[in-house]
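Quick notes on the structure that follows.
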Amino acid sequence: MGNTFASIHVLGADMEMVDCALANYQLESSRRFSADFDNNRINTDFLNENDSKQILAVLDLLKKYEMNEEEFFCLNQENFISIFSDFIVFENVDDVAKNYFENFNCIAIAVGLLDGDIFSVNIYKEGELIDGMVIGENLQEFGLTAREIKPDKVEKYFSLNPDEFNEILKLGDCELICEKFSSALNIKLDPKEVNFKNKSVEKFVY
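Counted from 1, the sequence shown has number 166 at position 167 by numbering that gives the first Met the number 0; the numbering is strictly sequential.
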């Protein structure tokens with residue numbers, strides 16, 4: 000099994016905007032969950048009686064003790080504010096980039112590496128996918144489709160020469176491509192490479 004991680008990198012924003020975007024969505028999601036729970040809009044009809052009671056008991060416990068807080072670590076890197084969190088994983092990184100920043104005039108770039116075999120980079124602005132790429136093996140198994148990013152977007156958002164970027168892609172191995180892409184941008188993409196105790200890292204808990 001190869002390396003797996005996900006992170007988000009925001010262009011055209013300051014730390015205050017990122018804090019606001021993360022807080023707003025986290026708190027709104029929590030309020031929606033509480034309202035749905037209180038009004039019995041969480042559908043448990045497909046469960047048998049015992050399963051339903053057990054799950055509702057767990058949900059009640061989570062609600063009672065407010066065990067839905069998430070930690071986000073934010074770091075200024077070059078022109079980006081990078082966001083790392085255990086909450087952000089390959090499976091949800093695009094949704095977080097899309098939804099959390101849909102009401103903010105900035106660029107949110109979702110980056111993910113799955114088992115060292117699949118590498119994705121997707122660019123969002125105000126909830127819309129601008130462009131992106133998905134490369135790797137066995138994409139169909141994960142419901143993914145191969146996609147190439149347009150050269151002008153590489154230059155615009157990453158300040159990379161498209162020819163240089165294509166040379167990176169020719170390496171073939173997704174982990175190596177990710178590593179070289181990270182070096183070319185001069186930013187850390189993988190949270191395992193970040194020292195979260197460094198004073199330059201801002202921690203937000205919602």
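Ideal Cβ positions, reconstructed from N, Cα and C, are used throughout, including at glycine.
Computed from a predicted model, the values in this text were never measured in an experiment.
Of the candidates Phe195, Lys169, Val110, Glu166, Val110 places its Cα closest to the Cα of Asp130. Annotated three-state conformation of Tyr156 is helix, per DSSP. The DSSP-derived three-state label of Asn165 is helix. Going by C-alpha positions, Asn194 is about 31 angstroms away from Lys169. Taking a 10 Å sphere around the C-beta of Gln139, we find fewer than 16 other C-beta atoms and assign the residue as exposed. Going by beta carbons, Gly142 and Phe118 fall outside the 7 angstroms limit. Taking each of Cys177, Tyr99, Phe180, Gly1 in turn and checking the Cα distance to Ala20, the smallest one comes out for Tyr99.
Between Asp18 and Phe180 the beta-carbon gap is near 27 angstroms, outside 8 angstroms, which marks them as no contact.
Bridge pairing for Gly135: Ile117 [DSSP].
The beta carbon of Lys187 lies closer than 6 angstroms to those of Val193 in the same chain, with the five residues before and after it left out. The C-beta distance from Val133 to Phe79 rounds to 21 angstroms, too long to meet the 8 angstroms contact threshold. Counting along the chain, Phe180 sits inside the alpha helix (DSSP H) bounded by residues 173 to 184. Phe195 sits in coil when the DSSP states are folded into three classes, being neither helix nor strand.
Between Arg146 and the set Glu77, Asp85, Leu128, the nearest pair of CA atoms involves Leu128. Phe83 sits away from Ser199, with the two beta carbons spaced by 7 angstroms or more.
Inter-residue distance for Phe157 and Gln25 is about 28 angstroms (C-alpha atoms, whole angstroms). For Asn75, the enclosing beta strand (DSSP E) starts and ends at 70 to 76. The continuous alpha helix (DSSP H) containing Val95 extends over residues 92 to 99.
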